[in-house]
Each structure stands twice: as structure tokens, then as C-alpha cells.
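Visitor: Following the numbering used here, the numbering of the sequence shown begins with 18 at its first residue and continues without gaps.
C-beta: ideal position from N, C-alpha, C; glycine also.
Dropping a structure here in C-alpha cells format, bear with me for questions.
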Amino acid sequence: MATVQAVMGNLSASDRRILTAVNTGASTFSFIGSGFIVLCYLLFKELRKFSFKLVFFLALSDMLCSFFSIIGDPSKGFFCYAQGYTTHFFCVASFLWTTTIAFTLHRTVVRHKTDVEDLEPMFHLYVWGTSGVVTVIRSISNDHGHISHIGAWCWAQTGRTGKAVHFITFYAPLWGAILFNAVTYFQVIRMLKNATRMAAGMSERIFQFDSRPDVKVACISFDHSLKHTQYFFFVFNDIIKAEIFGCSHYCP
Numbered sequence: 018m019a020t021v022q023a024v025m026g027n028l029s030a031s032d033r034r035i036l037t038a039v040n041t042g043a044s045t046f047s048f049i050g051s052g053f054i055v056l057c058y059l060l061f062k063e064l065r066k067f068s069f070k071l072v073f074f075l076a077l078s079d080m081l082c083s084f085f086s087i088i089g090d091p092s093k094g095f096f097c098y099a100q101g102y103t104t105h106f107f108c109v110a111s112f113l114w115t116t117t118i119a120f121t122l123h124r125t126v127v128r129h130k131t132d133v134e135d136l137e138p139m140f141h142l143y144v145w146g147t148s149g150v151v152t153v154i155r156s157i158s159n160d161h162g163h164i165s166h167i168g169a170w171c172w173a174q175t176g177r178t179g180k181a182v183h184f185i186t187f188y189a190p191l192w193g194a195i196l197f198n199a200v201t202y203f204q205v206i207r208m209l210k211n212a213t214r215m216a217a218g219m220s221e222r223i224f225q226f227d228s229r230p231d232v233k234v235a236c237i238s239f240d241h242s243l244k245h246t247q248y249f250f251f252v253f254n255d256i257i258k259a260e261i262f263g264c265s266h267y268c269p
């Protein structure tokens, strides 16, 4: 497999300028989109809920990742290193925030827990701490001098050790996040579908009972906590026979 240096060495100055323009353009669009989300969160107080707060930190990380992808200058050693490390840190943080969103949905929808807001400090420790650790590990055998002539990427590494470190510190966490999100969202979607079918079937049965003249339906609420309510439907008929139907749902 050809190294980055070999591949880029075969490119003309015009080709490198095109690649630089594509990288800058894509990062600019990402920066604008993420910045719009951050701006909306800061301007509208009604959005400052815990669920939107996680989206805010995700957008903030992605915005900073895009920003440092734009400003890095490989022709200057300091800026090249700054671009490489900051881009790595905030890009890793951006997809780690997606796992906190998936975890929050799973904990509330599947496990019916209401303590997710108390876990916010743990989320910050997990995201920023993990991003910091992998960024420090990435410094092992990291040398940007070999690509200083490329003019676009300070994030890449060449050599067997550099590629292995880059894989461990970026692609391994990335694919881990993708797999975690896929499994988590599968469980959440399955739970929502089951709840929808249960609610539809229960509503139909209650309607059938309620349409009979000798039947009365009463709905009584128990166990009303902060965000979780359980409803029990008592159906009585003329021979004093009761049927109980129950369901629960998460109240946002």
C-alpha cells in the first residue's frame, strides 16, 4: 500500500490546491451548520433542556473540529501540530457525544429511568477525558515534517507505527461508537413499536367495552413520579367483573 507521502508526491501543485479547496469547502459547510445549531441553543432559552444540551455539545465539538480543519497551515510546524491535535480531539469528541445521546434514549425509553440528567458530569468526563487520552496517545511516533509539503493535511500519519496509532486512537473508537449506536437504537425502536402496538390494541378493547350500555370505564392514575406515569383502566360490567388494562409511558 502506498504511503501518503508517495501518493501526494505524485500529485501536481494544481491537484493539491484542488484537494485543499475541497477540504476547506466541506469543513466550511460543516462549520456553518454546526454553528447554526450552537447559535440557536444560545439564543432560545426554551431549547436549554437536557436533551438539547447534548445536541449542543455535539454541534460544538463538530464546529471546532471543522474550524481547526480549515485554519491549519502545514508549512508552519507549530500550526501543523496545532491543527493535527485539535482536529483529532474535537472529531473524536463529536462522535462520542452521539453515544451519550443514544445511551440517554435507551435509559429513558427501554429501561424507564429518569435519572439521566444526574449523569451529565459523567458524560463530560467520558467524552472530554477519552478524547484527551487518545489525543495524547496519538503523539506517539507522530511527525508532521514528512507531509509539510502537502499543503492540506496535518492530521495524517505515515509509517507502520503511525498508521497503527491513528487506527487505535480514531478508527477504533469511531467504529465502536457506530456499533454501540446501532445496537442501542435498534432496542429503542423495537420498544417504541411494541408500545405503539400495545397502546393501539388497548384503545380498541376499551372502545369495545365502552360502547356497551352495561359497561363503564374508569381511568385511574397511580405511581405518578416526576416523569413517569402509569395508567390503569378498570372496566366493569353488569356482573361486577373487572378487567384491568395497564400501560406506561415516558412523559417528556
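Around the C-beta of F46, are 16 or more other C-beta atoms found within 10 angstroms, so that it is buried, or is it exposed?
Guide: F46 is exposed by the Cβ-count criterion.
Visitor: Could you check whether F73 and Y58 sit closer than 9 Å to each other, using their CB atoms as the reference points?
Guide: Contact flag set, yes.
Visitor: Taking the C-alpha atoms as reference points, what is the distance between A76 and V133?
Guide: Distance between the alpha carbons of A76 and V133 is about 20 Å.
Visitor: Could you tell me the alpha carbon to alpha carbon distance between G42 and F84, rounded to whole angstroms?
Guide: Each residue's alpha carbon lies about 11 Å from the other.
Visitor: Just how far apart, CA to CA, sit T37 and W192?
Guide: Cα to Cα, T37 sits roughly 26 Å from W192.
Visitor: Name the residue from L136, G50, N40 whose alpha carbon lies nearest to the alpha carbon of L71.
Guide: Answer by Cα proximity: L136.
Visitor: Can you tell me which of D79, G179, T152 puts its alpha carbon nearest to the alpha carbon of F112?
Guide: When each option's Cα is compared against that of F112, the closest is D79.
Visitor: Among the residues of its own chain, which have a CB less than 7 Å from the CB of A110, if the five just before and after it don't count?
Guide: Cβ neighbours of A110 beyond the five flanking positions: S78, V144, W145, S148.
Visitor: Round the Cβ separation of Y102 and T152 to the nearest angstrom and send it over; I've been treating them as touching at under 8 Å.
Guide: So it is a contact: roughly 6 Å between Cβ atoms.
Visitor: Is it buried or exposed, A119, if we count other Cβ atoms within 10 angstroms and call 16 or more buried?
Guide: So A119 counts as buried.
Visitor: Please state whether the Cβ-Cβ distance between T125 and F140 is less than 9 Å.
Guide: The answer is no: Cβ separation not under 9 Å.
Visitor: Mapping the DSSP letters down to three states, classify K210 as helix, strand or coil.
Guide: Note: K210 maps to helix in three-state DSSP.
Visitor: Within a Cβ cutoff of 6 Å, which residues of the same chain sit near F197, ignoring the five residues on either side of it in sequence?
Guide: The residues are T116.
Visitor: Would you give the residue range spanned by the alpha helix (DSSP H) that Y143 belongs to?
Guide: Unbroken alpha helix (DSSP H) run through Y143: 137 to 155.
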